[in-house]
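Following: one structure in structure tokens, then a few remarks.
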Amino acid sequence: MRILGLATMGASAAAIVEDGQVVAAIEEERLTRLKNDGGFPHRAIDSVLHVAGVTLSDIDAVAVYWQPWRIWGRAAGVAHDTLMYPARASARVRRIAQLFSPARAGQGSPKYPELRGSWLELLKIRERLRHHPGTFQGQVRSIDHHESHAMSVCPISGWDRALCLSYDGGGEDHSTVVFAWENGRLRRLKAIRWPNSLGHFYSAITGFLGFRMLEGEYKMMGLAPYGTPRFKDRLLTHALRRTRDGGYMLNRSLIDYHAALDGRFPDSLVRLLGPPRAPTAEFTDHHRDVAASVQAVFEEIMLDIVAWARKQRPEFERLCIAGGCGLNVTANGRLIREGLVSSILVPPAPHDAGCAVGAAIHESLARNPSLSIGMPSPYLGRAYTPAEITEAFRQRGLEPPALLSEEELVERTADALARSEVVAWFQGGSEFGPRALGNRSFLADPRHDGIREVLNAKIKKRELFRPFAPSCKEEVAETFFELNQSSPYMNIVARVRADKQAVIPAVTHVDGTARVHTVGRAANPLYWKLLDAFEKRTGIGVLLNTSFNIQEPIVESPTNAIDCFLRSSVDWLAVGPFLCKRSDYPAVTRPVS
Ligand SMILES: [Fe+2]
């Protein structure tokens with residue numbers, strides 16, 4: 046049984062689940078090179094079919110992550126807010142036109158070109174599939190959005206039972222849903238109705254602080270530890286009020302997500318938090334305090350929800366987390382520190398892209414409830430052969446260096462890293478989700494704080510307050526971090542042990558924490574060997590790992606990798622079995638077309 050899963054209106058993606066096993070998944074952005082691409086995932090579909098070695102004729106069903114007929118629940122919320130706050134109606138009307146006008150289908154706005162998904166596409170799945178190899182003759186199934194999120198994590202947890210928190214900007218008509226997962230079934234315990242949305246609260250303030258919404262949320266989270274949450278109580282009183290049943294009530298006269306997308310903020314919010322920050326303005330203590338306050342409010346609300354769920358089901362000790370809010374790695378870490386649950390699992394793609402996997406798993410289980418579900422690895426993109434990599438070099442008028450054995454590649458790369466040189470590392474299939482997990486990574490020596498400025502100069506050109514994250518051999522993770530569980534998808538923040546903060550300063554944030562990626566030997570054998578070889582040279586089994594991209598989606602193909610390397614000034618490119626030295630490949634200052 047082979048199911049194709051699709052997410053089509055934001056962080057679009059495709060996935061294939063074959064007899065319960067996730068065998069391929071990729072986001073559309075990696076292939077179109079448009080960050081967070083929300084267009085119909087045509088290229089992702091071709092890619093997962095290629096990885097699975099099938100055509101549409103071999104697909105038994107297509108599972109889509111949204112139930113289009115439930116749009117009326119959402120429409121009621123929009124109509125209500127439009128009537129209540131007519132002065133800001135234009136932003137909402139524009140978004141509605143984007144989603145529902147046939148003429149606008151496939152077009153984003155000038156500021157947000159990625160918002161080009163169309164609700165109308167949900168009604169034309171079969172027609173869209175005609176553009177792809179094979180003839181699809183199966184059923185198209187529409188899956189509840191939050192159940193798609195939940196199914197992207199609960200079945201792969203291997204846990205018999207767990208609570209599941211699915212929270213995001215909003216699904217068909219809910220923005221937060223709590224499930225109990227037991228014996229292969231989801232039971233809904235709580236649902237908070239959209240447009241009451243914790244995700245929209247966080248995103249709107251991201252825009253208020255001058256960050257680009259839909260991707261600046263990480264930046265606000267990175268800024269938060271530099272501030273004092275002195276506006277927390279004010280926000281909890283006026284903007285996002287807790288309710289007695291573990292829920293929350295968003296004051297939408299203050300927090301207007303759609304107006305924020307337009308860069309407009311209600312006067313009442315300005316009275317509460319001061320003027321919004323212009324995107325190019327310097328950060329002041331005031332901005333840092335707003336970021337700290339919003340992060341604190343987010344965490345409080347999330348802890349309330351989980352505490353409520355634990356009271357309902359005290360025997361459910363573990364927690365699965367999905368939805369875009371699951372990308373708030375600081376909140377994930379707080380949950381563990383507070384001891385509210387014994388362990389958590391956040392999948393590699395908790396945001397909407399992950400729904401492609403979740404919808405396909407949902408449909409697989411609907412067809413065969415006794416199916417064993419598995420996701421053997423997050424490396425679900427296409428892998429490239431040495432011949433394909435050689436061809437990519439030649440397309441750029443370059444010759445690759447001599448092919449190395451795996452051992453030579455690892456030893457020479459570890460030597461370079463131990464000399465504190467920076468390596469662009471491209472191996473195997475790409476990671477599914479927003480985190481580089483050692484197959485599409487820039488790697489560096491975490492022992493020297495100065496490497497952060499070197500990296501920013503060579504590749505990232507990003508705000509210095511943003512932390513870099515560590516990959517760590519699983520065997521030594523507890524030596525470095527206060528973390529009593531694995532973090533294979535780099536989505537938990539943990540404290541760096543006090544005696545190790547000076548050992549790995551480049552990956553220790555200002556508040557003494559790190560966004561940890563634990564690497565098991567079986568999970569990524571080549572990357573584990575590199576960490577091991579670095580440990581043999583330096584005594585530490587930790588590397589600084591940041592995504593292989595320069596202000597673009599993470600590189601997908603060898604051609605993307607070579608182009609990005611040439612645009613950067615990093616010292617080495619390890620692409621498959623080829624190790625290229627910078628001096629043999631001069632940097633270019635303009636994009637390679
Ligand atoms: Fe979602």
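All the letters of the sequence shown, read from the start, carry residue numbers 46 to 638 under our numbering.
Note that beta-carbon positions come from the ideal geometry of N, C-alpha and C, so glycine has one too.
Local conformation of A401 per DSSP, three classes: helix
Cβ-heavy atom distance, H407 to ligand 1, below 7 Å: no
I190: CB within 7 Å of a non-hydrogen atom of ligand 1: A small correction: the amino acid at residue 190 is His; Ile does not occupy that position in the sequence shown. True, at least one ligand heavy atom lies under 7 Å from that Cβ.
Selection from F276, R582, S242 that minimises the alpha carbon distance to R332: In the sequence as displayed, the identity of residue 332 is His instead of Arg. For H332, the nearest C-alpha among the options comes from F276.
Contact set, ligand 1 heavy atom to C-beta under 7 Å: H190, H194, D213, G214, G216, G368, G369, H396, D397, C400
Continuous alpha helix (DSSP H) stretch holding L462: start and end: 451 to 463
Reduced DSSP category for M129 - H, G, I as helix; E, B as strand; rest coil: helix
Local Cβ density within 10 Å of V340, reported as buried at 16 or more and exposed below that: Reading off the sequence shown, one finds Gln at residue 340, where the question assumed Val. By the 10 Å Cβ count, Q340 comes out buried.
Segment contact flag, the segment 103 to 111 with the segment 179 to 186, C-beta cutoff 8 Å, min 3 pairs: yes
Pair within 8 Å by beta-carbon distance, V342 and L254: no
Of the residues R439, F477, D460, G473, the one placed nearest P423, counting alpha carbons only: F477
Counterpart residues of E63 in DSSP-defined beta bridges: R47, Q66
Neighbour-count burial assignment, N296, 16 or more Cβ in a 10 Å radius: buried
Contact check, A559 vs P515, beta carbons under 8 Å: yes
Simplified DSSP state of K169, which is helix, strand or coil: coil
DSSP bridge partner residues for I537 (one or two, in chain order): V561
DSSP three-state assignment for P622, whether helix, strand or coil: coil
Host beta strand (DSSP E) of A108 (start-end): 106 to 109
Chain-order list of residues whose beta-carbon lies under 6 Å from that of A567 (same chain, five-residue window excluded): none
Beta-bridge pairing of S184 - partner residues as DSSP gives them: Here residue 184 is Gln; the residue named in the question, Ser, does not match the sequence. For Q184, which the question treats as bridged, DSSP gives the partners A106.
Proximity of I188 and A89 at Cβ, strictly below 8 Å: no
The segment 78 to 93 touching the segment 159 to 177, judged by at least three CB pairs closer than 8 Å: yes
A52 beta carbon less than 8 Å from that of C639: Shown here, the chain extends from 46 to 638; a query on residue 639 therefore has no answer.
Helix, strand or coil at T221 [DSSP, three-state]: strand
Residue burial classification, V637 (beta-carbon count within 10 angstroms, cutoff 16): Residue confidence is low: V637 scores 48 on pLDDT, short of 50, so the model does not pin down where it sits. Its coordinate-derived value is still stated next. Looking at its Cβ environment, which holds fewer than 16 other Cβ atoms inside 10 Å, V637 is exposed.
Within the segment 241 to 309, ranges of the alpha helix (DSSP H) (whole runs, at least 4 residues): 243 to 253, 262 to 268, 277 to 283, 302 to 306
Nearest-angstrom beta carbon gap, N501 and L509 [assumed within contact, 8 Å]: 6 Å
Bridge partner(s) assigned by DSSP for L210: V223, I366
Contact check, P374 vs I537, beta carbons under 8 Å: It should be noted that the sequence gives Val, not Pro, for residue 374. In contact: V374 and I537 (Cβ atoms closer than 8 Å).
Own chain, CB closer than 8 Å to S644, minus 5 neighbours either side, in chain order: Here the chain comprises residues numbered 46 to 638, so residue 644 is not present and cannot be evaluated.
Cβ-based neighbour list, K626, same chain, cut-off 7 Å, excluding 5 preceding and 5 following: W617
Beta-bridge pairing of N81 - partner residues as DSSP gives them: DSSP, once it has assigned bridges, lists no residue as partnering N81.
Residues near A97 in its chain [Cβ-Cβ closer than 6 Å; skip 5 each side]: I61, V68, A69
Closest by C-alpha distance to L576, when choosing among R289, L482, A367: L482
Beta strand (DSSP E) segment containing A551, residue limits: That residue, A551, is in no beta strand (DSSP E); it is neither H nor E in DSSP.
Rounded straight-line distance, which links the Cα of G308 to that of W164: 24 Å
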